[in-house]
Amino acid sequence: MVRAIAFGTFSLIHPGHIYYLTTAKSLADELIVVIARDSTVKKIKGKSLVPEEQRKKVIEALKPVDQAILGSETDRYEIIEKLKPDVIVLGVDQDEQEDKLAYELSKRGLKSKIVRVSKAEGILYKSSKLLDYVCSISSKEEE
Numbered sequence: 001m002v003r004a005i006a007f008g009t010f011s012l013i014h015p016g017h018i019y020y021l022t023t024a025k026s027l028a029d030e031l032i033v034v035i036a037r038d039s040t041v042k043k044i045k046g047k048s049l050v051p052e053e054q055r056k057k058v059i060e061a062l063k064p065v066d067q068a069i070l071g072s073e074t075d076r077y078e079i080i081e082k083l084k085p086d087v088i089v090l091g092v093d094q095d096e097q098e099d100k101l102a103y104e105l106s107k108r109g110l111k112s113k114i115v116r117v118s119k120a121e122g123i124l125y126k127s128s129k130l131l132d133y134v135c136s137i138s139s140k141e142e143e
């Protein structure tokens, strides 16, 4: 059985997340999604809009996802060592560099294949863009 893992903050679910997770599932028999902890989201985005347990419940409810778990607050590679996935799937807009990840995996004796999801035309990929759009609509309605 092929196991894949995908990572994300999943602050506001949008079509890019669905595309990412559906693509990740197509690469494996089992897809485990690692949800960033609130402390990690605050470091990356400045604030967490939705608490981690709620973000986890939303991801668990998505069809391509077999299991959702919360990530580590101290060592981002700890969960990879524990799960030993065959495939690690990176999103279009994730900053993780494949060569750095491959180096870290090698140091830990892991041989996971790294796959970057390619961009699909017309799909929204950033929660911040969705939030900007919603705020712009809200501002126009207030005028």
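Throughout the sequence shown, residue numbering follows my numbering, covering 1 to 143 in sequence. From the three backbone atoms N, C-alpha and C, an ideal C-beta is built for every residue, glycine too.
Which residue comes first and which comes last in the beta strand (DSSP E) that contains residue i?
| i | result |
| --- | --- |
| L70 | 67-70 |
| K113 | 113-116 |
Identify the continuous alpha helix (DSSP H) that holds residue i and give its terminal residues.
| i | result |
| --- | --- |
| R55 | 52-60 |
| L49 | It is not in any alpha helix (DSSP H) - L49 carries neither H nor E in the DSSP assignment. |
| L90 | Counting along the chain, L90 falls outside any alpha helix (DSSP H), though it belongs to the beta strand (DSSP E) covering 87-90. |
| L101 | 98-107 |
| T40 | 38-45 |
| K82 | 78-83 |
Tell me which same chain residues have a C-beta within less than 7 Å of the C-beta of residue i, skipping the five on either side of it?
| i | result |
| --- | --- |
| A28 | V2, R3, A4, D86, V87 |
| L49 | S11, L12 |
| K42 | S48 |
| E104 | Y77 |
| I59 | F10, V33, I35, V65, A68 |
Leaving out five residues on either side along the sequence, give the residues of the same chain with a beta carbon under 8 Å from the beta carbon of residue i.
| i | result |
| --- | --- |
| I69 | I32, V33, V34, I35, K56, I79 |
| K113 | D86, V87, I88 |
| L110 | I80, E81, K84 |
| V117 | Y19, Y20, T23, A24, V89, L90, G91, V92 |
Using a Cβ-Cβ distance under 8 Å, would residue i count as near chain C?
| i | result |
| --- | --- |
| R3 | Given the protein chain composition of this structure (a single chain), no chain C is represented. |
So residue i and residue j are supposed to be a Cβ contact under 8 Å. How far apart are they, rounded?
| i | j | result |
| --- | --- | --- |
| E52 | D38 | 5 Å |
For this session: May I have a chain-ordered list of the alpha helix (DSSP H) segments no shorter than 4 residues that lie completely inside the segment 7-34?
Result: Correct list: 15-26.
Do three or more CB pairs link the segment 10-28 to the segment 61-75 at distances below 8 Å? Segments in contact, yes.
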